[in-house]
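Input: a single structure, listed below in structure tokens.
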Amino acid sequence: MAEARQRTLLLVEPLADEQLNTVYSPILSPLAWDLGHIANFEELWLVQGVGGREPMDGELGRFYDAIENPRKTRNQLPILRGDELRTYMEGVRERTLEVLDAVALSDTRDPLLEGGFVYEMLLAHEHQHNETMLQLLQMVDGYEPVRVDASVAAEPVSEGPEMVAVEAGSYEIGAGAEGFAYDNERPRHAVELDAFEIDRTPVTNAAYAEFVSETGAEPPMYWERDGDGWVSARFGRRERLDPRHPVVHVDWHGADAFARWAGKRLPTEFEWEAAASGADRERANLDLLGFGTAAAGAYGDAAADCGAVQMLGDVWEWTSSEFAAYPGFSAFPYPEYSEVFFGETYKVLRGGAWATRRDVIRPSFRNWDLPERSQIFSGLRCVRDG
Ligand SMILES: [Fe+2]
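So that you can map any letter, position 79 of the sequence shown is 111 in the working numbering, and since no number is skipped, the others follow by simple counting.
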């Protein structure tokens with residue numbers, strides 16, 4: 033938990049208080065809200081929930097409730113700012129450690145404590161907020177990361193066929209009963225799949241640029257015209273777009289149209305998960321310090337069993353699947369985590385991106401978002417029937 037907090041604070045270290053409280057986009061919270069919300073979630077579940085203590089600051093919890101407060105209204109709330117915010121974050125953490133000292137994680141009568149579930153949930157929550165914070169940080173002109181991992185850019189590119197085959201068969205989908213996973217990944221169940229082929233690497237900027245110029249499709253977010261070509265305008269800096277890198281910031285409609293244009297289609301999330309079998313998250317562009325993608329074809333020594341590379345890390349990959357409950361689903365620990373989002377509204381993304389903390393990702397992890405969203409670190413790879 034200390035490591036998670038260190039990373040959160042590292043991300044906002046270059047920012048002045050005014051920037052923490054600026055609304056950069058109606059679909060993203062000001063960073064001060066994220067920081068207070070991370071601490072408040074910890075207070076709610078651990079200090080109040082597990083520890084049974086009274087709220088530290090009366091009604092504060094209301095303003096940090098993600099469902100109650102739409103993102104565009106969050107800056108008008110009486111949230112904590114400046115020194116008050118820092119003091120609250122530290123105060124919660126102090127109490128959390130006291131509670132942690134006093135409980136038995138082996139208590140199997142309480143499903144929140146069993147196997148340390150509530151702590152894993154809290155860690156995952158802070159880690160996942162780092163990624164939403166990065167969506168916003170890319171909009172901050174002149175943002176300079178404090179620390180950058182240069183090994184990502186130096187990663188060699190592997191050669192291979194354009195597509196690799198996945199055999200027909202019965203595949204186990206979802207997370208098993210052991211270990212931490214979210215309710216929407218369970219229960220694990222068998223799914224019958226026909227044979228298919230999947231792109232060995234994520235779709236590149238070069239391929240996507242060709243699609244845009246041939247069809248007049250909307251370019252990805254942050255792309256700006258530069259003569260005949262394109263530059264990327266993340267962090268307010270115009271930089272040459274590397275044609276060999278995976279395309280990022282594509283919305284679902286763009287991804288779907290690209291796949292059709294290429295004579296292919298988007299994978300279902302089950303096809304994606306079957307193809308990702310054997311992928312290694314320890315050798316993947318995750319954990320956010322690369323501050324960008326590795327070239328398509330990197331991490332060749334960590335390919336999935338089918339031969340596909342970068343199934344984990346670099347870019348989230350859009351699938352054709354709607355976010356739905358697995359057969360036998362039961363909400364845990366609360367319906368607001370997944371259940372309220374099930375339906376036709378959201379599309380599933382898989383695999384994690386460079387901006388995702390490593391611990392968040394496993395092959396069964398399901399992300400979901402609206403099909404029109406492109407501020408997320410979303411790309412794609414295509415499949416066709418085998
Ligand atoms: Fe949250």
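Backbone N, C-alpha and C define an ideal beta-carbon position, used for all residues, glycine too.
Span of the beta strand (DSSP E) holding residue i?
i           : result
residue 221 : 221–225
residue 195 : 195–198
residue 354 : 348–354
residue 417 : 415–417
residue 257 : 255–258
residue 399 : 399–401
Buried or exposed, going by whether 16 or more other CB atoms sit within 10 Å of the CB of residue i?
i           : result
residue 89  : exposed
residue 178 : exposed
residue 225 : buried
residue 100 : exposed
residue 272 : exposed
residue 254 : buried
residue 193 : exposed
residue 158 : buried
residue 389 : buried
residue 333 : exposed
Just the Cα atoms here: how many angstroms apart are residue i and residue j?
i           : j           : result
residue 324 : residue 86  : 42 Å
residue 252 : residue 261 : 13 Å
residue 124 : residue 249 : 48 Å
residue 413 : residue 42  : 32 Å
residue 162 : residue 234 : 23 Å
residue 44  : residue 199 : 46 Å
residue 108 : residue 406 : 25 Å
residue 311 : residue 181 : 21 Å
residue 367 : residue 263 : 42 Å
residue 378 : residue 400 : 6 Å
residue 67  : residue 207 : 30 Å
residue 64  : residue 154 : 18 Å
residue 275 : residue 175 : 24 Å
residue 265 : residue 171 : 9 Å
Return the first residue and the last residue of the alpha helix (DSSP H) that residue i is part of.
i           : result
residue 267 : Neither: residue 267 is in no alpha helix (DSSP H) and is coded neither H nor E.
residue 94  : 92–95
residue 131 : 114–134
residue 66  : 63–74
residue 381 : Not the alpha helix (DSSP H): residue 381 falls in the beta strand (DSSP E), residues 379–382.
residue 284 : 284–293
residue 183 : 183–186
For chain D, is any of its Cβ atoms less than 7 Å away from the one on residue i?
i           : result
residue 156 : Note that chain D does not occur in the displayed structure, where there is just one protein chain.
**Request:** Would you check if the stretch 64–80 and the stretch 90–98 touch, i.e. whether three or more CB-CB distances between them fall below 8 Å?
**Result:** yes
**Request:** Evaluate the contact criterion for the stretch 331–340 versus the stretch 350–369: three or more CB pairs, one atom per stretch, below 8 Å.
**Result:** no
**Prompt:** Should the stretch 390–406 be called in touch with the stretch 274–292, which here means at least 3 C-beta pairs below 8 Å?
**Reply:** In short, these stretches touch, since the Cβ pair count reaches three.
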